[in-house]
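A short worksheet on the structure shown next.
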Amino acid sequence: AQTVTQSQPEMSVQEAETVTLSCTYDTSESDYYLFWYKQPPSRQMILVIRQEAYKQQNATENRFSVNFQKAAKSFSLKISDSQLGDAAMYFCAYRTKAAGNKLTFGGGTRVLVKP
Amino acid sequence: GAVVSQHPSRVICKSGTSVKIECRSLDFQATTMFWYRQFPKQSLMLMATSNEGSKATYEQGVEKDKFLINHASLTLSTLTVTSAHPEDSSFYICSAPGTGGRYTEAFFGQGTRLTVV
């Protein structure tokens, strides 16, 4: 079975500081995509960052970056210079063509940002 | 970017009645729509996959007779919760894969909060 594990139910970070969210996954596929989604209180899902499994280079989107370790099946998200608006639930997810492009989500990590 | 419009955003219904949730792709054609359910403080669980013009595929443990899915056109997929009960109260989200190729992202509806009283 394909699974995604987020071991941190909640993380707290001081405004302007850095926080790292962990994610591990399990798949036998070689062609897949990894994502981090943000779900604010409005509950609208927002794409934060994505990574193609065949790319070695870690993806970066402004203050968000990932540490993709394919052999370890690890895909952590780093939020730099945290802002109050970053407070939300963060879900790690992956998708494979073999599974019909459906997303499999981790359990989520709630990020609290302290002013 | 592409938009998936989901309605209603929240609905309260009485036990035993049916509720229909609609998801429309506004500026692209969605041949596939994924329907998720999210309990409070939990993750999104895939319920079913609808494909335009064919029967939906349900995940294990999801009652297809309770959660009727119809995908009659390339821009509209609907989920009908039939004979709703309080345990069906939840947050339902639809999502369509984009059509931009292998690297395409998914587009989510705004979600529907269903409360059955």
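Order-wise, the sequence lines are chains Z and D. All residue numbers for the first sequence refer to the numbering used here, where the first residue is 14 and numbers rise by one. All residue numbers for the second sequence refer to the numbering used here, where the first residue is 1252 and numbers rise by one. Backbone N, C-alpha and C define an ideal beta-carbon position, used for all residues, glycine too. Here the structure is a predicted model, which is why all the values come from computation and not from measurement.
Item, Value
"Delimiting residues of the beta strand (DSSP E) encompassing P1348/D", "1341-1348"
"Where L1292/D sits in the DSSP three-state scheme", "It should be pointed out that residue 1292/D corresponds to Lys in this sequence rather than to Leu. Three-state result, K1292/D: coil."
"Within chain D, the residues that K115/Z reaches when beta carbons sit closer than 8 Å", "F1285, L1297, T1300"
"One or two residues paired with V26/Z in a DSSP bridge", "V126/Z"
"C-alpha gap between V1367/D and P128/Z, whole angstroms", "38 Å"
"is_contact[E1273/D, chain Z] using C-beta, thresh 9 Å", "no"
"Per-residue contacts from R76/Z into chain D (C-beta, under 8 Å)", "In chain order: nothing, as chain D lies at least about 19 Å away."
"Assigned secondary structure, K68/Z (DSSP; H/G/I helix, E/B strand, else coil)", "coil"
"Any chain Z beta carbon closer than 9 Å to S1276/D", "no"
"Residues near Q52/Z in its chain [Cβ-Cβ closer than 8 Å; skip 5 each side]", "M58, I59, A101, M102, Y103, F104, G121"
"Delimiting residues of the beta strand (DSSP E) encompassing S1256/D", "1255-1258"
"Close-in-space but distant-in-sequence residues of the same chain around K1271/D (CB under 7 Å, 5 per side omitted)", "T1329, T1331"
"Chain Z contact for Q1293/D (CB, 9 Å cutoff)", "yes"
"Within 9 Å of chain Z by C-beta, residues of the region 1334-1353 of chain D in sequence order", "F1342, I1344, S1346, P1348, R1353"
"A1281/D, buried or exposed, once every other Cβ within 10 Å from all chains shown has been counted against 16", "buried"
"Sub-9 Å separation of S89/Z and V124/Z beta-carbons", "no"
"Nearest-angstrom Cα separation, counted from V32/Z out to M10/Z", "Nothing about residue 10/Z can be read from this structure; chain Z reaches only from 14 to 128."
"8 Å contact criterion, which T18/Z and T40/Z should meet: CB distance rounded", "Actually they do not touch by this definition, with Cβ atoms about 12 Å apart."
"Status (buried if at least 16 other CB within 10 Å, exposed otherwise) for H1322/D", "buried"
"Cutoff 8 Å; reference V1313/D; Cβ partners in own chain excluding five residues on either side", "M1298, A1299"
"Run of the beta strand (DSSP E) containing S1334/D, from where it starts to where it stops", "Note, S1334/D: premise wrong, no beta strand (DSSP E); not H, not E."
"Beta-carbon spacing of L1327/D, R1275/D below 9 Å", "yes"
"Reduced DSSP secondary structure (H/G/I, E/B, other) of S97/Z", "Sequence inspection shows Leu at residue 97/Z; the Ser mentioned does not correspond to that position. Three-state result, L97/Z: helix."
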